[in-house]
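A.B. asks:
Numbering (the numbering used here), first residue to last: 65 to 339.
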């Protein structure tokens, strides 16, 4: 069961203002080959080679992951999440920056645990499950395949937001699921809607909200703030092999064997346009 309960970390709205976020810049700055190494962002400078760089585990990870979350690029978000975890310590404590990619892995004076890494990592997990966007609450913006396997449960309990506390349980089965809410909105200050995002590898064939039929549009179901229960019928269009263990396996394969022609920018396979 994936469980998020009244978190001690702050809650913050994911930026959406065009002056703060430019999708064109996001595409160039955060997906531009050389700025990714080993599945995470790096700080590069003059003379940085194809297998060097300074991983930016802290702020750059958060910026890229939140940008992709807003854009609805769910698979990228989950791949980045596991890729960054593959570069943490044995207890999943993180670094700020400074570990040369694919070389010595020497942290020098930049030791774990790094507090801001932990804070930003927790904030990102929170935003995957619950986040504000304008006057709306968005839930399940990106869920990993392992989290919604048959018999699994995603549970959020009393998570604070600008509009009040959010509680929901998503009970997953092979061909259907039930989403139940226990939200407590602020008096006359609740959200205009709750946006329920459907995982990219699932296709919803039918859905009801409190017994009334509804539909999926652009990969999401728009729910009224007072919705109590959503019943879904779905089919699995794919079984993406995305997990922490797979990220570690891919990293060890590339680090120790260093196969020629391997993609050292990303851990998970990425379809690239023809050159």
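All residues carry an ideal CB built from backbone N, CA and C; glycine is no exception.
Values in this document were obtained by computation on a predicted structure and should not be read as measured data.
My parser needs the beta strand (DSSP E) runs of 3 or more residues fully inside the region 250-283; what are they?
C.D. replies: List check, beta strand (DSSP E) in window: 257-261, 266-273 and 276-278.
A.B. asks: Mapping the DSSP letters down to three states, classify residue 331 as helix, strand or coil.
C.D. replies: On the chain shown, position 267 is the one that residue 331 refers to. Coil, per DSSP.
A.B. asks: Assuming residue 261 contacts residue 205 (C-beta within less than 8 Å), just tell me the rounded distance between them.
C.D. replies: Here residue 261 corresponds to residue number 197 of the chain shown, with the count starting at 1. Here residue 205 corresponds to residue number 141 of the chain shown, with the count starting at 1. Contact flag correct, Cβ pair sits at about 5 Å.
A.B. asks: Which residues in the same chain have their Cβ closer than 8 Å to the Cβ of residue 149, if we skip the five residues on either side of it in sequence?
C.D. replies: Here residue 149 refers to the residue found at position 85 when the chain shown is read from its first residue. Only 156, 308 and 311 meet the Cβ criterion.
A.B. asks: Can you tell me whether residue 318 is helix, strand or coil according to DSSP?
C.D. replies: In the chain shown, residue 318 corresponds to position 254, counting from 1. DSSP places residue 318 in helix when its eight states are reduced to three.
A.B. asks: I need the straight-line Cα distance from residue 263 to residue 220, nearest angstrom please.
C.D. replies: For the purposes of this step, residue 263 is identified with residue 199 of the chain shown, where counting begins at 1. For the purposes of this step, residue 220 is identified with residue 156 of the chain shown, where counting begins at 1. Those two C-alpha atoms are separated by around 17 Å.
A.B. asks: Going by the beta-carbon positions, is the gap between residue 319 and residue 166 smaller than 8 Å?
C.D. replies: The count along the chain shown starts at 1 and reaches residue 319 at position 255. The count along the chain shown starts at 1 and reaches residue 166 at position 102. Cβ atoms of residue 319 and residue 166: closer than 8 Å.
A.B. asks: Could you tell me which residues DSSP pairs with residue 297 in its beta bridges?
C.D. replies: Working through the chain shown from its first residue, we reach residue 297 at position 233. Residue 297 pairs with 240 and 270.
A.B. asks: Tell me the DSSP secondary structure of residue 210 in three-state form.
C.D. replies: Working through the chain shown from its first residue, we reach residue 210 at position 146. Helix, per DSSP.
A.B. asks: How close, in whole Å, do the beta carbons of residue 340 and residue 249 come, if the pair is a contact with beta carbons under 8 Å?
C.D. replies: Lying before the first or after the last residue shown, residue 340 is absent from the chain, which here runs from 65 to 339.
A.B. asks: Who are the Cβ neighbours of residue 141 in its own chain at under 8 Å, not counting the five residues just before and after it?
C.D. replies: Here residue 141 refers to the residue found at position 77 when the chain shown is read from its first residue. Excluding sequence neighbours, residue 141 sits near 129, 132, 133, 192, 205 and 206.
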